[in-house]
Every structure is written in structure tokens, then in C-alpha cells.
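Undergrad:
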Amino acid sequence: RKEVEQDPGPFNVPEGATVAFNCTYSNSASQSFFWYRQDCRKEPKLLMSVYSSGNEDGRFTAQLNRASQYISLLIRDSKLSDSATYLCVVNQGGKLIFGQGTELSVKP
Amino acid sequence: SAVISQKPSRDICQRGTSLTIQCQVDSQVTMMFWYRQQPGQSLTLIATANQGSEATYESGFVIDKFPISRPNLTFSTLTVSNMSPEDSSIYLCSVNPGTGYEKLFFGSGTQLSVL
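If you're matching them up, the sequences are chains E and B in order. Residues 187 to 294 in my numbering are what the first sequence spells out, letter by letter. Residues 704 to 818 in my numbering are what the second sequence spells out, letter by letter.
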């Protein structure tokens with residue numbers, strides 16, 4: 187079983203749609219969690235941290251369920267510029283483990 | 704945040720040769736890391752570059768194949784030695800400007816193709 191698993195997609199959605207990405211992790215001792223965004227042929231960039239109480243940043247909402255070892259990212263009112271690969275990242279003992287990424291394509 | 708300059712941005716190399724990738728940061732950082740991203744795959748940590756001591760390698764990566772230098776707090780190099788086509792990948796330098804392993808910032812990557 188992979189340490190961090192994501193649905194690879196691709197998710198093809200129209201502009202304005204709401205889309206949700208899921209991620210599970212295997213190590214219950216994982217300490218902190220993040221979503222990174224990676225554009226085609228570019229380096230990953232931090233999108234947002236994920237807190238136990240859930241957190242929101244504009245159109246983006248991240249949720250964490252430690253009991254189920256599950257992380258989610260919700261994007262509302264999708265924009266064309268949201269098209270990218272979204273990486274679920276878990277801090278395990280000081281080491282960042284990356285999921286394989288979920289590809290999102292937002293169409294006009 | 705941190706501004707990271709990584710070079711070369713891409714290279715095409717012959718089997719059996721070596722390539723050294725450079726990573727320069729605009730500020731002193733404690734933690735520097737080297738990742739690999741193979742085609743269609745996610746990022747895999749190769750090693751942590753330690754200033755003044757030997758790098759700490761992850762399982763599956765060895766110093767003879769991926770020697771790393773870290774002469775100061777703003778610079779590191781990764782060498783891919785005795786390359787084979789299986790080494791074709793994107794190599795990424797990353798730093799954490801803070802004290803933990805959170806909020807990594809990445810260089811733009813080096814796309815390596817081995818013929």
C-alpha cells in the first residue's frame with residue numbers, strides 16, 4: 187500500500203464547477219498535511235496547509251479526518267487557471283511524502 | 704519565502720557520464736533537500752543535504768550514485784553518476800527556510816534525459 191494515495195484523475199470539469207479531491211495516508215503518526223499545486227513542467231508550489239479543524243482560503247477548502255486518515259481539497263467556482271496537478275503531501279517524522287497527484291482540467 | 708536558482712534547467716546526456724546540478728538560494732537555510740520526479744510519478748526524496756557533513760540518503764539511494772555537496776547554507780550540488788536511461792527524470796532542489804519540514808520551496812527543476 188502506498189504511503190499517500192490519491193485518485194490520479196484526470197478530472198475534467200467546466201468552469202464554475204465544484205470539484206473535490208481525496209487523499210488517504212497510511213501512517214497514523216503523520217504530523218502535518220498539505221496540498222501543493224504543480225503546473226505542467228513546473229515545480230510544485232504550496233497551495234495550503236491542512237488543519238484538523240478544516241481551513242478555507244478563498245475558493246479552496248481543506249479538510250482532515252485523522253480517524254479515517256483522510257484529507258480532502260474542495261475547489262469551488264473552478265477557473266481555467268485552476269488547471270494543474272494537485273499533490274497531497276504528508277509529514278511523516280519530518281519527511282515530506284508526496285502523493286502521485288490528481289490532475290485537474292477546467293474547460294470553458 | 705526563498706528564491707531558488709537551479710541549473711541546468713535541462714540536459715541530454717550519454718549513458719555512463721555524470722551530471723552535476725547546482726542549487727543556489729538567496730538566503731541562508733538550514734534544510735535543503737533533493738527530490739526526483741520520474742515521468743508520470745510523484746516526487747521521491749533522494750536525500751537531505753547537510754551543511755558541513757555527509758548527506759542523509761533515503762532508502763534506495765546511495766552516495767556513490769548521487770553524491771551531494773553542501774559547502775555552505777546557501778548552496779548545494781547533486782551529481783547523478785554513471786548515468787543510465789533509468790535516471791531520466793526531473794531533479795528538484797528544495798528548501799525549508801524555517802526550522803521544520805513544512806512549507807518546502809522548490810527550484811524550477813532539472814529535466815534530465817539519458818540516451
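No residue lacks a Cβ here, since even glycine has one placed at the ideal position from N, Cα and C. Because the structure is a prediction, the values reported are computed rather than measured.
Would residue 764(B) and residue 751(B) be called neighbours here (beta carbons separated by less than 8 Å)?
TA: Stepping through the second sequence from its first residue, residue 764(B) is reached at position 61. Stepping through the second sequence from its first residue, residue 751(B) is reached at position 48. Cβ distance not < 8 Å, so residue 764(B) and residue 751(B) don't count as in contact.
Undergrad: Compute the beta-carbon to beta-carbon distance between residue 780(B) and residue 772(B), rounded to the nearest angstrom, for a pair I have assumed lies under 8 Å.
TA: Taking the first residue of the second sequence as position 1, residue 780(B) is located at position 77. Taking the first residue of the second sequence as position 1, residue 772(B) is located at position 69. That belief holds up - the Cβ atoms of residue 780(B) and residue 772(B) are roughly 5 Å apart, short of 8 Å.
Undergrad: Closest to residue 720(B) by C-alpha separation, out of 777(B), 798(B), 768(B), would be which residue?
TA: Within the second sequence, numbered from 1, the residue matching residue 720(B) stands at position 17. Minimum Cα distance to residue 720(B) is reached at 768(B).
Undergrad: Can you tell which of 706(B), 806(B), 789(B) has its C-alpha closest to the C-alpha of residue 218(E)?
TA: If you number the first sequence from 1, residue 218(E) lands on position 32. Nearest of 706(B), 806(B), 789(B) to residue 218(E), Cα basis: 806(B).
Undergrad: Taking only three categories from DSSP, how would you classify residue 191(E)?
TA: As a working note, residue 191(E) is residue 5 in the first sequence. Three-state result, residue 191(E): strand.
Undergrad: What are the start and end residues of each continuous beta strand (DSSP E) run of 3 or more residues lying completely inside the segment 726 to 771 of chain B, in chain order?
TA: The qualifying runs are 734 to 740, 746 to 752.
Undergrad: Exposed or buried, what is residue 230(E) when buried is set at 16 or more other beta-carbons lying within 10 Å of its beta-carbon?
TA: Residue numbering aside, residue 230(E) sits at position 44 when the first sequence is read from its first letter. With 16 or more other Cβ atoms within 10 Å, it is buried.
Undergrad: Just to make sure I have the definition right: I need the residues of chain E whose C-beta is within less than 7 Å of the C-beta of residue 745(B). Which are they?
TA: Here residue 745(B) refers to the residue found at position 42 of the second sequence. Near residue 745(B) (Cβ distances below 7 Å), the residues of chain E are 273, 284, 285, 286, 287.
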